[in-house]
Each structure stands twice: as structure tokens, then as C-alpha cells.
Amino acid sequence: MLEIKDLHATVAGKEILKGVNLVINAGETHAIMGPNGAGKSTLSYVICGREGYEVTAGSVIFKGKNLLAMTPDERAGAGLFLGFQYPVEIPGVSNMNFLRTAVNSQRRYRGQDNMAAGDFLKLVRLKAKELDMDPDMLKRPVNVGFSGGEKKRNEMVQMAVLDPVLAVLDETDSGLDIDALKIVAAGINRLRSPDKSILMITHYQRLLDYVVPDFVHVLAAGRIVKTGDKTLALQLEEKGYAGLNIAENAA
Amino acid sequence: MKLYLDNPEIAVNFEAVKAVLPGADQDRLNDRRRHAITSFSETGIPGPRLEQWKYTNLSFLAKENYPIAAKAEQSDEIRQYFDQSYITAIAGPVVVFVNGYFYPDLSSLPTEQGLDFSVFSQNPEAFYQSLQPSAGSSSLNNLNRALVTDGYDISIAADVTLSQPLQIIHIATSGTNMQSVRSRARIKFGQRSQATIIESFIGADDTRYWFHMVSDVILDRGATAAFAQFQVQGKKALHMTEFHSRLSDHARFNHVSLQLGAELDRSELINSFSGEDADISLSGAYLGRLKQSHDIVTRINHDQPHCRSRQLFRGVLDKGGKSAFQGKVVVARDAQKTNADQSNKTLLLDRGAVANAKPELLIYADDVKCSHGATVGEVDPDQLFYLRSRGLDEIAAKGLLTEAFVSEVFDDLEAGPVAEKFRKYTADWLRKEEMS
């Protein structure tokens, strides 16, 4: 599904990723943890093609294609989804209009016709309900006036509607209270299937109690320094990065 | 340095055409036209050294002459502009002017009780009144009085609420190249009357015509007036309008406009209060590209206490587009408790576009609330990436953000055919950009 080899990337001339290697197979759920400044968000932005993140070496292959040669929208069309740590507010664009445009843009990319209006409405309402989102929020401008938790929930509604094959979730758990966390986790678990993969970036083990990963990686100073199963996250929670001989601020 | 530019040909041309101007059989009308051309000739064409005209250079009018356009024959072209402009979802009365002349074939005059409507060419008295000189008239207003061919007069009786909006459509055909089209309007809202007037300005692409119109609107005590204007002139047109409003106690005046046509576009909105507790709201969007220039000039004279004014203008400029927003608010010494708000933002889609913003607040009273804000900026990169990460390509993402930016102007409009028309024109403009 996703194969990252010796990935180096700089932001404003400063090297943040210093040789990341990571393979995610179909059906797998991976979690990346790591101290602040390790390069976790940078990795997610490089995968999704944000401007200002320059890849200086290495490769990222997604479903056999060179991901780095694609624009952000082509990546989305190919089935990639980024759950933002800080979802962006877009005044003047309703959630519904935004979602409809996104769905149909991706369908065009895949050579499909626009979704019928009725089907789309039904789909969005269902997904909003599954994620316990007030249907009125669908009519409101994207993320404008939403609380931190509502924004994250909105990300999950988008993910559910867009139905990606690989979801990269950047601290989707931050800003959520425990009830919201359970709802969001259920949303992520609904996406899990043998042909889909998830990459979760998180600070805390808490989310991993509800979305149990197949692999846990520790990213520090721009490299993956340790890989294990879910018990690695528990060790980290218990002993901290220092306890596992991982420098807090290596970057 | 000269502030005004001379073009002696204009007065010469006036002498040549005065005998064939509409209403030339009436001496008192001729006298007023003569008075107007004299007043005009005393000053001339406003030059770029005049502060108000620094963003719109009319120097070419000192050399180019725009003789009065002729009446047009029936044509598919006219029908097409009509169909594009007439909002069928509203239906109702519509008044059409083609090349500056009332065009009865496509018009259906209002007949509602309490509404007195006439076109100048059929109402000599109203025509005569509309040519009345007024102190402080602009030179182009004087030129308009001298040469105007037709226009309309509306008077709404006290306590009448019109059941349907009135639509007015001004068309300039492809036969008007290097010619001028002039119109005037006088509109009087009686006490507590209410009406909506929708006005469209449309014309042939690849035809350089000079459209000029002056409107005078008076609102009596407690009247409510709503104006919606669509400027979708041809790509090479010169479009200039002067819109005056005067509000009595408790009156409400709402003017919303969309400017997306013409090569040179100048829209002046000049407003004042003659009574207390009245409201003025001006809002508009201007969209420009490819050698287009939009110049929006607003003036609000707060001469009376306890009045409110609100201005909201949004511009979008693509490659080659130019704009200016000059918004002046004057609060007189006695106009206490004035509340005046002004906001102007312009979005640049291309680094080569030029936006000017000139807010001017002159406040002589001490117990007032006045604010203004002006920004010029580009599409927000975070918003752009967010949309692209969801699958929208760059053009679609920018289009959606641009539409959202402009939509603030139309958000206050009641949902319905007028708001839809604004949105459709805007969306069409943005789609054209995709192809260019």
C-alpha cells in the first residue's frame, strides 16, 4: 500500500526528516508516536503533499505509484486522506457544499460520474449520524465556530464520506473528551478492512486503547527508532521516551 | 495644472444634434439642455488630477467623441440580452431601454395601484423635472442632462408596498460602437412605502460604447427601498453611473450591486440624510480581469443625528484587473449617535492585479461609532491546501474560496431569485476564468 524509503525532508531549509523507512500493507493499522519536534506532522504533510515541505532524498510509493510526483488533489483522488491536527476554517463554504465538491472531484479523478444528489444526501446524513454530529452543522460553514472536538469530529465525517484507502490521521485524538474519543475511535474502526490502511499519529496511548494498532513506531529526531506492537505504546506510557533511551528533543 | 479637460467638440456636437434630441419640440426642455451644456462646458471632462478621479483616467474623452446612439431595430441580439437579464422567477413588470431609448416591445409596464410610473419620452413634465439643474452637480451629470435621450420616473404613494419587484433593463447593442448611451431616473418613495427595484446593465462585447446614467432617489419618512444592480456590460464598454439617495426620518435604503462587465467601470453612490433614525446599507462585489478597471466611489453624508450606515464591498481581481474603492463618510458636528461602518476587502488571484483602497472618514461629532477596514490579499494557502487535500484541484479550490469570499456581500439578501442571480453571475465569471 505505502512504502516510504529513506525519506529526507526539509522545512524552510532545516532538515526535519532524516531517513524515514516505513512499509504499510493493506489492512494494517499503524501508529506513530514520538516526542515533540520529532517530525510526526512533517511526515504527514510530506505524504499528503503540502507546499513548503521539500523532499531532498528518498521515495514514497503509494499503490505502486510515485506519490511525490502527484499534487495534493491527485493524492486524494488516488485514495489518500489526511486528518488534520488543526482543521482549517473556511467561511462562506457550507460543509455540505464542501463535501459534495470533494466527493465529486474524487469521483471525476477515478473516471466516475457525479454522485446523484439524493444518494449523496443520504450518505452524508448517515455518516454524520454515526459520528453523532448535529445535522445542522452540515449546513454551517466548514469548521467556522466549531469547538476543537467538533472540528475533529468533522474530519471523521469527511473521512467516512470520502472513504479513503489510506488515512493518515494527525493527532485526531487531541482536544477530544472521552465520549467524543470513543465516537471518533469507532469511526476509525469502521474504516478498517482488509483492503484499507490507517496511519495514526498520536502523542498519547489513550486513542490506542480504542483503535488497537498492528504496529507502533517511535519517531525521534527525524527517524523511526523503534518499532513494536501495541505493547510498545504501553511501555512508552509507563516509562516515557527517556525510559526507552529516546532523546526528548533530539531534533 | 488643469483639473478638467476640454473637449470643444462636445458642445459643437450638441448644437448639431439638439434639434433631434427627444423633447426638442419643447422650448423649456431645450432651455434646460442648453443650460446643462453651458454648465458642462464651464468645467469639462474630469481629469486624473482631480482627487476623485485619480484611479480612472478619462483623458481619452478629450480626444474621442461619443455621439449619441440611434434607436435600434428589433433584433435577436436584443432579445438575447433581455433573456439573460430578466429574472423570470420573479416575472412581473419590466421596463427595457435599448441604446438609451424606451423599448416597448419587450417592456411590460407596471400597473399596480399607488405606483406612478412613466418613461421620459412619454411624459414631458417628468422629463423636464429630471433636467432641473442642481447645485454641485458633477460635470458629467450636466453633460447627461444636456444629451440624455430617455429614462424613467417613479413615484410610489404613501403606505403602498409594491407586491412585486420592478425590473429595469438597459441594453446597448453592437451598433453602438464609439457612441454614447445615456439614461436618467427619478424615483420617489412616499411615506412608509416599500419597493424593490432590480436594474441590469448589459451590452455587446467588442463594442466600445459609453453608458452613462444618473439616478436620483428620494425616500420620505419611513420608506423602505431596496435596489439590486447587475452591471454585466460588454467587455469594451465604458460604464459610469451616479446614484444619489436622500433619506428622511426612519427611512431605510438598501443598495446591493455586482460589477463584472465593462472595460472602464465607475460607480458612484452618493447618499445623505435629511431626517433622523434612518438607515443606509451599501454593498457590492466587483470582479475584474484583462484590462478591466472598477472604480467604486461611495459618499455618505451624516448630516443628521441617530442615523446608521453600513458599507460592505468585496473585490476579486485576476490577471490584468484593476480596482479602486473610495469610500467617504462625513459626520457633521451635530450628527451625534451616528453609527457608520465600512468594510472593503479585495482578493488578488494574480500578483499582476492592482487594488486600491481609500477609506476616508471625516468625523466632526464626538459621540459616534464609526469603523472602517480595508484589506488586499491573496487566497489563504492553508485553506487552499485543506481543499486540495480533499480532492479539489487548484482551480476548483480557488474558485470555491473566491465564491465564498464574494458571497458575504449576498449573504444578507433574502434567499430567492435575486440572490440566485448574483451567485450565478459570480459563478459564471469564475468558471470563465478556468477556460482562460
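So the sequence lines, in the order shown, correspond to chains A and B.
In case it helps, the numbering used here puts the first sequence at residues 1 to 251.
In case it helps, the numbering used here puts the second sequence at residues 252 to 687.
Note that the Cβ used here is the ideal one computed from N, Cα and C, for glycine as well.
Predicted, not measured: the structure shown is a model, and the values here were computed from it.
Inset, instruction - Determine, using beta carbons only, whether Gln106(A) comes closer than 8 Å to chain B. - result: Here residue 106(A) is taken as the residue at index 106 of the first sequence, counted from 1. Answer yes: the Cβ-Cβ gap between Gln106(A) and chain B drops below 8 Å somewhere.
Legend entry - Close Cβ partners of Asn392(B) (< 7 Å) along its chain, the five nearest in sequence each way excluded: For this step, residue 392(B) is matched to residue 141 along the second sequence. Taking C-beta separations shorter than 7 Å and ignoring five residues to either side along the sequence, the partners of Asn392(B) in its chain run Val465 and Glu493, following chain order.
Inset, instruction - Answer with buried or exposed for Arg396(B), where buried requires no fewer than 16 other C-beta atoms within 10 angstroms of its C-beta. - result: In the second sequence, residue 396(B) corresponds to position 145, counting from 1. Label assigned to Arg396(B): buried.
Inset, instruction - Any chance you could list the alpha helix (DSSP H) runs of at least 4 consecutive residues sitting entirely within the segment 641-678 of chain B, in chain order? - result: Those alpha helix (DSSP H) runs which fall completely within the segment 641-678 of chain B and span 4+ residues are 645-661.
Inset, instruction - State the Cα-Cα distance for the pair Glu685(B) and Ile646(B), rounded to the nearest angstrom. - result: Here residue 685(B) is taken as the residue at index 434 of the second sequence, counted from 1. Here residue 646(B) is taken as the residue at index 395 of the second sequence, counted from 1. Because Glu685(B) sits at a pLDDT of 46, beneath the cut-off of 50, its placement in the model cannot be relied upon, and the following sentence gives the value as read from the coordinates. When only Cα atoms are considered, Glu685(B) and Ile646(B) end up about 7 Å apart.
Legend entry - Per-residue DSSP class, three states only, for Met133(A): As a first step, residue 133(A) must be located in the first sequence, where it is residue number 133. Met133(A) falls in the coil class under three-state DSSP.
Inset, instruction - Compare the C-beta of Thr71(A) against all C-beta atoms of chain B and say whether one is closer than 8 Å. - result: Numbered from 1 along the first sequence, position 71 holds the residue referred to as residue 71(A). It does; some Cβ of chain B falls within 8 Å.
Inset, instruction - Work out the CA separation of Leu638(B) and Ile24(A) for me, nearest whole Å. - result: Taking the first sequence and counting its residues from 1, the one referred to as residue 24(A) is at position 24. Taking the second sequence and counting its residues from 1, the one referred to as residue 638(B) is at position 387. Rounded to whole angstroms, Ile24(A) to Leu638(B) spans 26 Å at the Cα level.
Legend entry - Own chain, CB closer than 7 Å to Val605(B), minus 5 neighbours either side, in chain order: Residue 605(B) sits at position 354 when you count from the first residue of the second sequence. Within the same chain, Val605(B) has close Cβ partners Lys573.
Inset, instruction - List the residues of chain B whose Cβ lies closer than 8 Å to the Cβ of Arg140(A), in chain order. - result: As a first step, residue 140(A) is located in the first sequence; it is residue number 140 there, counting from the start. From the beta-carbon of Arg140(A), no residue of chain B is found nearer than 8 Å; the closest lies around 13 Å away.
Inset, instruction - Measure the CB-CB distance between His490(B) and Gln482(B) and report whether it falls below 8 Å. - result: By 1-based counting over the second sequence, the position of residue 490(B) is 239. By 1-based counting over the second sequence, the position of residue 482(B) is 231. Yes, the Cβ-Cβ distance between His490(B) and Gln482(B) is below 8 Å.
Legend entry - Any chain B beta carbon closer than 8 Å to Leu162(A): Within the first sequence, numbered from 1, the residue matching residue 162(A) stands at position 162. Chain B has a Cβ within less than 8 Å of the Cβ of Leu162(A).
Inset, instruction - For Arg517(B), decide whether its Cβ has a neighbour in chain A, counting only Cβ atoms nearer than 8 Å. - result: The residue you call residue 517(B) lines up with position 266 of the second sequence. Look at Arg517(B): its C-beta is not under 8 Å from any C-beta on chain A.
Legend entry - Close-in-space but distant-in-sequence residues of the same chain around Ile188(A) (CB under 6 Å, 5 per side omitted): Here the question's residue 188(A) lines up with position 188 in the first sequence. Only Val211 meet the Cβ criterion.
Legend entry - Gln543(B) versus Pro299(B), Leu360(B) and Ala575(B), residue with shortest Cα-Cα distance: Translated into positions along the second sequence, residue 543(B) becomes position 292. Nearest to Gln543(B) by C-alpha distance, out of Pro299(B), Leu360(B) and Ala575(B), is Ala575(B).
Inset, instruction - Determine the DSSP secondary structure at Leu176(A), reduced to helix, strand or coil. - result: One-based indexing of the first sequence puts residue 176(A) at position 176. Assignment of Leu176(A) by DSSP, reduced to helix, strand and coil, places it in the coil class.
Inset, instruction - Given a cut-off of 8 Å, decide if Pro35(A) and Pro246(A) are closer than it, judged by their beta-carbon atoms. - result: Counted from its first residue, the first sequence places residue 246(A) at position 246. Counted from its first residue, the first sequence places residue 35(A) at position 35. Pro is not the amino acid found at residue 246(A); the sequence shown has Ile there. The answer is yes: Cβ separation under 8 Å.
Legend entry - Cβ neighbours of Val93(A) in the same chain (closer than 7 Å, five flanking residues each side left out): Your numbering for residue 93(A) matches position 93 in the first sequence. So the qualifying residues of the chain are Pro141 and Val142.
Legend entry - Complete runs of the alpha helix (DSSP H) confined to the segment 440-515 of chain B [at least 4 residues]: Runs found: none.
Legend entry - For Cys48(A), the first and last residue of its enclosing alpha helix (DSSP H): As a first step, residue 48(A) is located in the first sequence; it is residue number 48 there, counting from the start. Run containing Cys48(A): Lys40 to Cys48, per the alpha helix (DSSP H) assignment.
Inset, instruction - Can you give me the start and stop residues for the beta strand (DSSP E) that Glu3(A) sits inside? - result: Numbered from its first residue, the first sequence carries residue 3(A) at position 3. For Glu3(A), the uninterrupted beta strand (DSSP E) segment begins and ends at Leu2 to Val11.
Legend entry - Cβ neighbours of Leu520(B) in the same chain (closer than 6 Å, five flanking residues each side left out): Within the second sequence, residue 520(B) is the residue found at index 269, counting from 1. Hits under 6 Å: Phe494, Leu533 and Thr549.
Legend entry - Exposure label - Lys596(B); buried when at least 16 CB within 10 Å: Within the second sequence, residue 596(B) is the residue found at index 345, counting from 1. Flag for Lys596(B) reads buried.
Inset, instruction - Check whether the Cβ of Arg565(B) lies closer than 8 Å to any Cβ atom in chain A. - result: If you number the second sequence from 1, residue 565(B) lands on position 314. Arg565(B) does not count as touching chain A.
Inset, instruction - Quick one: residues in its chain with C-beta nearer than 8 Å to the C-beta of Leu181(A), no 5 flanking neighbours on either side, listed in chain order? - result: Walking along the first sequence from the start, residue 181(A) turns up at place 181. Only Asp173, Arg206, Leu207 and Tyr210 meet the Cβ criterion.
Legend entry - Cβ-based neighbour list, Ser687(B), same chain, cut-off 6 Å, excluding 5 preceding and 5 following: Mapped onto the second sequence, residue 687(B) falls at position 436. Residue placement at Ser687(B) cannot be trusted, given a pLDDT of 42 that sits under 50; what the coordinates show is reported in the next sentence. In its own chain, leaving out the 5 sequence neighbours on each side, no residue places its CB closer than 6 Å to the CB of Ser687(B).
Legend entry - Any 3 or more C-beta pairs closer than 8 Å across the segment 293-306 of chain B and the segment 402-412 of chain B: No, the segment 293-306 of chain B does not touch the segment 402-412 of chain B.
Legend entry - Given Leu121(A) as reference, the closest of Lys14(A), Leu80(A), Leu199(A) and Val161(A) once Cα atoms are compared: As a position in the first sequence, residue 121(A) is number 121, starting the count at 1. Of the candidates Lys14(A), Leu80(A), Leu199(A) and Val161(A), the one whose C-alpha sits nearest the C-alpha of Leu121(A) is Val161(A).
Legend entry - Pick from Asn114(A), Met137(A) and Lys127(A) that is closest to Asn95(A), judged by C-alpha positions: Here residue 95(A) corresponds to residue number 95 of the first sequence, with the count starting at 1. Of Asn114(A), Met137(A) and Lys127(A), the smallest CA-CA separation from Asn95(A) is found for Met137(A).
Legend entry - CB contact below 8 Å: Arg602(B) versus chain A: The sequence position of residue 602(B) within the second sequence is 351, counting from 1. Chain A contact via Cβ: absent.
Legend entry - 4 or more residues per run - each alpha helix (DSSP H) lying fully within the segment 350-438 of chain B: Segments of the alpha helix (DSSP H) lying fully in the segment 350-438 of chain B: 375-381 and 390-398.
Legend entry - C-alpha distance - Gly603(B) paired with His545(B), whole-angstrom precision: Locating residue 603(B) in the second sequence gives position 352, counting from the first residue. Locating residue 545(B) in the second sequence gives position 294, counting from the first residue. Each residue's alpha carbon lies about 15 Å from the other.
Inset, instruction - Pick helix, strand or coil for Ala529(B), following the three-state DSSP scheme. - result: Residue numbering aside, residue 529(B) sits at position 278 when the second sequence is read from its first letter. Correct three-state label for Ala529(B): coil.
Legend entry - Burial state of Glu171(A) (16 or more Cβ within 10 Å): Here residue 171(A) is taken as the residue at index 171 of the first sequence, counted from 1. In summary, Glu171(A) is buried, with 16 or more beta-carbon neighbours lying within 10 Å of its beta-carbon over all protein chains present.
Legend entry - CB contact below 8 Å: Ser658(B) versus chain A: As a working mapping, residue 658(B) is identified with position 407 in the second sequence. Cβ-Cβ to chain A under 8 Å: yes for Ser658(B).
Legend entry - Residue closest to Arg437(B), alpha-carbon to alpha-carbon, out of Ser496(B), Leu394(B) and Gln415(B): Within the second sequence, residue 437(B) is the residue found at index 186, counting from 1. Nearest C-alpha to Arg437(B): Ser496(B).
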